[in-house]
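Residue numbers (my numbering): 3 to 175.
C-beta: ideal position from N, C-alpha, C; glycine also.
Spelled out as structure tokens, the structure:
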């Protein structure tokens with residue numbers, strides 16, 4: 003039986019990599035250029051995605067959310083100044099940590115009590131947290147697409163259907 007949370011996270015890694023590969027084809031200044039959007043720049047958006055995934059990984063591993071939030075907040079400033087290549091490397095390292103988590107956690111339907119300082123206490127499964135992580139990142143990749151269009155740059159599709167057919171499609175330009 004297919005492990006849907008793992009497959010969805012695999013999609014997330016694939017979609018991030020498509021964004022990084024595309025950003026590297028654009029003028030360097032695009033990454034930090036200010037726009038009117040949810041976040042002030044593509045780099046700020048990628049930083050937000052990274053910090054949020056980092057935070058939720060710690061929650062998946064059983065750490066208190068308040069502590070995970072503090073650790074994630076410390077990363078925000080450091081990451082905001084990185085180049086595309088540098089933040090891509092940070093994502094690769096984070097993806098490896100997620101992979102270790104998936105390999106050591108066979109039951110993603112396991113229920114945990116999540117104490118979110120902003121939203122309160124609730125019972126949820128590890129799988130549901132993975133779904134949230136991927137959904138959140140997908141939303142912000144859409145923001146990046148809009149930002150690139152705002153700057154008169156091309157964007158690219160990272161919809162899940164393209165992940166399904168990734169081996170059959172010709173590269174998108």
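Tell me the DSSP bridge mates of residue i?
i, result
"residue 113", "127"
"residue 122", "118"
Would you call the CB atoms of residue i and residue j closer than 8 angstroms?
i, j, result
"residue 61", "residue 116", "yes"
"residue 93", "residue 18", "yes"
"residue 78", "residue 49", "yes"
"residue 5", "residue 136", "no"
"residue 105", "residue 129", "no"
"residue 150", "residue 20", "no"
"residue 32", "residue 153", "yes"
"residue 86", "residue 35", "no"
Taking residue i and residue j to be in contact with their CB atoms under 8 angstroms, please state how far apart those CB atoms are, rounded to whole angstroms.
i, j, result
"residue 58", "residue 131", "6 angstroms"
"residue 133", "residue 10", "7 angstroms"
"residue 155", "residue 28", "6 angstroms"
"residue 39", "residue 148", "6 angstroms"
Can you have a look at residue i and say buried or exposed, based on whether 16 or more other CB atoms are within 10 angstroms of its CB?
i, result
"residue 67", "buried"
"residue 69", "exposed"
"residue 139", "buried"
"residue 143", "buried"
"residue 123", "exposed"
"residue 74", "buried"
"residue 43", "buried"
"residue 141", "exposed"
"residue 56", "buried"
Could you check which residue in the options has the C-alpha nearest to that of residue i?
i, options, result
"residue 54", "97, 165, 153, 127", "97"
"residue 119", "148, 71, 107", "71"
"residue 8", "167, 83, 107", "107"
"residue 22", "76, 145, 89, 165", "89"
"residue 114", "39, 64, 169, 167", "64"
"residue 24", "160, 76, 56, 168", "160"
"residue 41", "83, 76, 146, 30", "146"
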